[in-house]
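Undergrad: The numbering of the sequence shown is the numbering used here, which starts it at 588 and goes up by one. Take this structure, written in structure tokens, and hold onto it; I'll ask about it next.
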Amino acid sequence: MKTILCFGDSNTYGYIQCGCGARFSAETRYPGRLRELLGPCYDVIEEGLNGRTTIFEDEFSGRRGIDYISPCVRSHMPIDVITIMLGTNDCKTRFYASIDDISFGMSQIIDAVNFAAASPIKILLIAPPHLGEKISESIWAMEFSPESLIKSKGLAAAYRALAVRKGCLFLDAAEIAHTGQDMAHMDAENHLILAAKLFETIKNNIA
């Protein structure tokens, strides 16, 4: 049995667009669909949290990924692969974070995974889908600005370079998946699209 840990924010949690906190079913969320695609020889663990950042302190406590990643890894060991898809919330205006700042936060997450692991873990670093073009006109306008959109589009290049430096696998989710009508979250179809790409990536890179 191989173990896959999916660590992320509301798009890993399966937040339904404009759903007042509602969540897609386990079969629809990309980790759940990935579990079905991989079959009984794989255990896929979901660790998604609405509002999670890399290192930035949110107004709600417990949202910093860096604070939770080490106990999370230790509690689920042994782990064969951890997928990490964070950065969208780091683009919120209140954090004043540059792309370099966000990449640095992700670097700290990766280092924490490697330090916490009792045995080597393959890390699949995922650049999240871009915020929608009209994010500053959406229901999230108080949190995301036009500059946030620019930052979200710049994460892939920064994460790709980070993955090379850290020896991680890399996937740019924005190449195949997109946010929907609320400009911040994937719809059911895009969860399935991302799951299919993750299945392909994991099967091609994990013996």
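Where a beta carbon is used, it is the ideal one built from N, C-alpha and C, also for glycine. Predicted model only: the values in this text are computed from it and were never measured.
Is the beta carbon of D759 sitting closer than 8 Å to the one on A714?
TA: Contact: yes.
Undergrad: Per the DSSP calculation, T766 is bridged to which residue(s)?
TA: Beta-bridge pairing links T766 to M773.
Undergrad: Please determine if the stretch 702-713 and the stretch 641-661 are in contact, where contact requires at least 3 C-beta pairs separated by less than 8 Å.
TA: Contact between the stretch 702-713 and the stretch 641-661 is present, because at least three Cβ pairs lie under 8 Å.
Undergrad: Judging by CA-CA distance, which residue of N598, D596 and D630 is the nearest neighbour of F786?
TA: Considering only alpha carbons, the answer is D630.
Undergrad: Can you give the beta carbon distance from H717 to R620, rounded, assuming they're within the 8 Å contact cut?
TA: Between R620 and H717 the Cβ distance is about 21 Å, and since that is not below 8 Å, they are no contact.
Undergrad: Hey, which unbroken runs of the beta strand (DSSP E) at 3 residues or more fall wholly within the stretch 687-718?
TA: Listed in chain order, they are 709-714.
Undergrad: Since I696 and G674 should fall inside the 8 Å C-beta cutoff, what is the C-beta to C-beta distance between them, to a whole number of angstroms?
TA: About 10 Å separates the two Cβ atoms, so there is no contact after all.
Undergrad: How about I780 and A761: do their beta carbons lie closer than 8 Å?
TA: In this structure, A761 does not lie closer than 8 Å to I780 by Cβ.
Undergrad: Grab me the residues of K784's own chain with a C-beta within less than 8 Å of its C-beta, minus the 5 sequence neighbours each way, in chain order.
TA: Taken in chain order, the residues that qualify are L758, A760, I763 and A764.
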